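Below you'll find the structure, written out as structure tokens, and then a few comments.
Numbering (my numbering), first residue to last: 988 to 1123.
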């Protein structure tokens, strides 16, 4: 098992801006909901995510499905807004294929497929997903 670290650029800032009133934000901050459980319950709302790839066969057709992984969130390096320095840690198990989306900056994301073999992360092409599955 290995762990990858992805910065969640702009996540807190976008999320907080959706609330209309300051009183609502203050109540949520006092309840410690702003920084603790927001993305644990909704991991798919972030630009940064990781999903285990599951290949299902329906008849003769192979379908790729995603199983999103819940991250462990760290605010140790976050700035005051939470727009930078918020990191998500994902635990990846050996011999599985994963799809990862990692923000590079405010406008661009790095989107790739990878497989963990003997605790090494190997980046693979989308076309190689079915080939990797056949080798197992």
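Backbone N, C-alpha and C define an ideal beta-carbon position, used for all residues, glycine too.
None of the values given here were measured: they were computed from a predicted structure.
For residue i, three-class secondary structure by DSSP
| i | result |
| --- | --- |
| residue 1097 | strand |
| residue 1113 | helix |
Cβ separation of residue i and residue j, assumed to be a contact under 8 Å, to the nearest whole Å
| i | j | result |
| --- | --- | --- |
| residue 1100 | residue 1086 | 5 Å |
| residue 1082 | residue 988 | So it is not a contact: roughly 11 Å between Cβ atoms. |
| residue 991 | residue 1034 | With a Cβ gap of about 15 Å, residue 991 and residue 1034 do not count as contacting. |
| residue 1095 | residue 1088 | No, residue 1095 and residue 1088 are not in contact; Cβ-Cβ is about 11 Å, not under 8 Å. |
Distance between residue j and residue i (C-alpha atoms, nearest Å)
| i | j | result |
| --- | --- | --- |
| residue 1064 | residue 994 | 10 Å |
| residue 1093 | residue 998 | 10 Å |
| residue 1043 | residue 1066 | 42 Å |
Among the options, nearest to residue i - alpha-carbon criterion
| i | options | result |
| --- | --- | --- |
| residue 1111 | 1077, 1096 and 1040 | 1040 |
| residue 1115 | 1094, 1055 and 1084 | 1084 |
| residue 1055 | 1036, 1042 and 1044 | 1036 |
_Validate contact between the segment 1052-1069 and the segment 1099-1114 using beta carbons, cut 8 Å, 3 pairs_ = no
*Give a yes or no on contact between the segment 1039-1055 and the segment 1066-1077, applying the rule of three or more CB pairs nearer than 8 Å.*
no
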